[in-house]
Amino acid sequence: MKSVGRCCIKTLVVYDLLYGNTKTIAQAIGGAIPGEVAVRHVAQVQAGDVASADLLIVGSPTHGALPTRAVQNLLERIGSPAREDVQAATFDTRLTWGFLERWGGFAAPKMAATLREKGWTVTGAPSGFFVRGLKKGPLRHGEAERAVARAKGLLGNDE
Ligand SMILES: Cc1cc2nc3c(=O)[nH]c(=O)nc-3n(C[C@H](O)[C@H](O)[C@H](O)COP(=O)(O)O)c2cc1C
45 MKSVGRCCIK TLVVYDLLYG NTKTIAQAIG GAIPGEVAVR HVAQVQAGDV
95 ASADLLIVGS PTHGALPTRA VQNLLERIGS PAREDVQAAT FDTRLTWGFL
145 ERWGGFAAPK MAATLREKGW TVTGAPSGFF VRGLKKGPLR HGEAERAVAR
195 AKGLLGNDE
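What follows is the structure, given as structure tokens:
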């Protein structure tokens with residue numbers, strides 16, 4: 045973060061889930077970020093709630109190469125960032141199957157593109173966290189730890 049002191053950052057982590065793996069990653073990310081952090085299911089978030097966040101992190105399972113419909117709806121409803129120093133980041137959960145990248149890609153880069161179109165500064169590369177099975181997962185071993193490292197990296201304190 046450029047102009048926001050780490051101690052005072054207000055972060056909103058929004059996630060959707062079908063089975064629970066994306067919530068696990070959202071909670072790992074939320075737990076690794078200092079300051080005031082709210083980790084909320086997308087159904088608990090109104091478009092206006094993002095206005096007070098210094099850092100908005102949006103996570104979704106990848107469904108048909110896209111974010112879930114609920115996440116797409118939220119992203120459609122939110123406006124441009126409230127201030128210039130606000131930043132956003134995105135992550136998804138996805139399968140390890142190699143052809144999926146070529147087939148249509150994943151949710152996180154698409155969420156990042158939508159936010160950029162609305163004028164948000166997206167910090168860090170959109171992240172994908174792997175699940176081992178089509179439905180319930182589970183997360184591949186070490187993915188929650190990788191999420192913690194990515195969260196720290198967003199704030200520039202991953203050394
Ligand atoms: C209907 C459906 C479509 C899916 N499509 C994709 C896909 O296009 N690419 C992918 O990597 N994973 C796909 N998956 C697997 C999800 O990525 C996986 O279920 C998800 O990461 C689990 O997250 P959750 O436990 O938070 O629901 C799909 C799963 C479902 C149920």
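If you count by my numbering, then the sequence shown holds residues 45 to 203, one letter each, in order.
All residues carry an ideal CB built from backbone N, CA and C; glycine is no exception.
Proximity test, residue i beta-carbon vs ligand 1 heavy atom, cut-off 7 angstroms
i    : result
T134 : no
G74  : no
T165 : no
P153 : no
P105 : yes
V175 : yes
A191 : no
L118 : no
F150 : yes
K54  : no
L178 : yes
K67  : yes
R138 : yes
V186 : Going by the sequence as given, residue 186 is Gly instead of Val. No, Cβ of G186 sits at least 7 angstroms from all heavy atoms of ligand 1.
D123 : The amino acid at residue 123 is misidentified as Asp; the sequence shows Gly. No, ligand 1 has no heavy atom inside 7 angstroms of this Cβ.
A109 : yes
Beta-carbon separation (whole angstroms), residue i vs residue j, contact threshold 8 angstroms
i    : j    : result
T158 : T66  : That pair is no contact at about 17 angstroms.
V89  : L119 : 11 angstroms between Cβ atoms; not a contact.
T55  : A87  : With 8 angstroms as the limit, T55 and A87 do not qualify as a contact, their Cβ atoms being about 19 angstroms apart.
A109 : G148 : 3 angstroms
F135 : I53  : That belief does not hold up - the Cβ atoms of F135 and I53 are roughly 18 angstroms apart, past 8 angstroms.
Contact under 8 angstroms by Cβ, residue i with residue j
i    : j    : result
A126 : A91  : no
K179 : Y63  : yes
A76  : A151 : no
K154 : P111 : yes
A191 : P170 : no
A133 : T167 : yes
Q71  : L99  : no
I122 : V57  : no
Buried/exposed call for residue i, threshold 16 Cβ in 10 Å
i    : result
L198 : buried
G177 : exposed
E203 : Low per-residue confidence applies at E203: pLDDT is 38, beneath 50, and the placement is therefore not dependable, though the value from the model is reported in the following sentence. Exposed: under 16 other Cβ atoms inside 10 Å.
F173 : buried
G200 : exposed
T106 : buried
S124 : exposed
T140 : exposed
G103 : buried
G186 : exposed
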